[in-house]
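S.K.: Numbering (the working numbering), first residue to last: 28 to 157. Here it is, the structure in full.
So this is what it looks like as structure tokens:
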């Protein structure tokens with residue numbers, strides 16, 4: 028496969044994934060250290076989101092070299108995580124006494140956690156067609 032272009036959308040995706048890796052990771056670590064007993068499930072899920080964002084950043088970066096398989100897998104896993112946690116946080120709110128990054132489909136982050144994997148999948152699809 029030919030090299031995927033490093034377009035504006037590609038750079039924007041990398042920037043968002045880097046930002047969310049740091050934001051979700053810092054949030055999770057602070058909450059796990061200072062508030063662990065309040066909502067450990069939510070805080071561990073936020074840490075899982077941070078790891079997912081880090082892997083997503085790497086996968087999208089690799090996609091720019093034509094290695095799109097890992098990016099596709101990671102973006103679908105991320106979307107499944109957001110949808111699963113988002114739905115559970117609504118139907119089983121007692122499991123989430125405090126929000127995670129993906130609670131309510133990322134409402135605390137302006138729904139960017141829901142939009143990000145969709146944007147990534149659309150970008151990847153467009154690039155694969157080139």
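Beta carbons are placed, not taken as given, at the ideal position from N, Cα and C, and that holds for glycine.
Just to confirm the assignment: which complete alpha helix (DSSP H) runs, minimum length 4, are found wholly within the segment 43-71?
M.R.: Listed in chain order, there is nothing to give.
S.K.: As a quick exercise: from 102, 144, 108, pick the residue whose alpha carbon is nearest that of residue 73.
M.R.: The option with the nearest alpha carbon to residue 73 is 108.
S.K.: Is the distance from the Cβ of residue 130 to the Cβ of residue 112 below 8 Å?
M.R.: Yes; because the gap between Cβ atoms is below 8 Å, this pair is in contact.
S.K.: From residue 80 to residue 126, what does the alpha carbon distance come to, in whole angstroms?
M.R.: Distance between the alpha carbons of residue 80 and residue 126 is about 18 Å.
S.K.: Quick check: the Cα distance between residue 56 and residue 34, rounded to an integer number of angstroms?
M.R.: Cα to Cα, the separation comes out at about 33 Å.
S.K.: Could you tell me the distance, in whole angstroms, from the CA atom of residue 143 to the CA atom of residue 64?
M.R.: Taking the straight line joining both Cα atoms gives about 30 Å.
S.K.: What do you reckon, are the CB atoms on residue 98 and residue 90 nearer than 8 Å?
M.R.: Yes, the Cβ-Cβ distance between residue 98 and residue 90 is below 8 Å.
S.K.: Can you give me the Cβ contacts of residue 29 inside the same chain, cut-off strictly under 8 Å, excluding the 5 residues immediately before and after it?
M.R.: Confidence in residue 29 is poor, its pLDDT being 48 and thus under 50, which makes the residue's placement too unreliable to answer from.
S.K.: Is the Cβ-Cβ distance between residue 44 and residue 84 less than 8 Å?
M.R.: Taking 8 Å as the Cβ cut-off, residue 44 and residue 84 qualify as a contacting pair.
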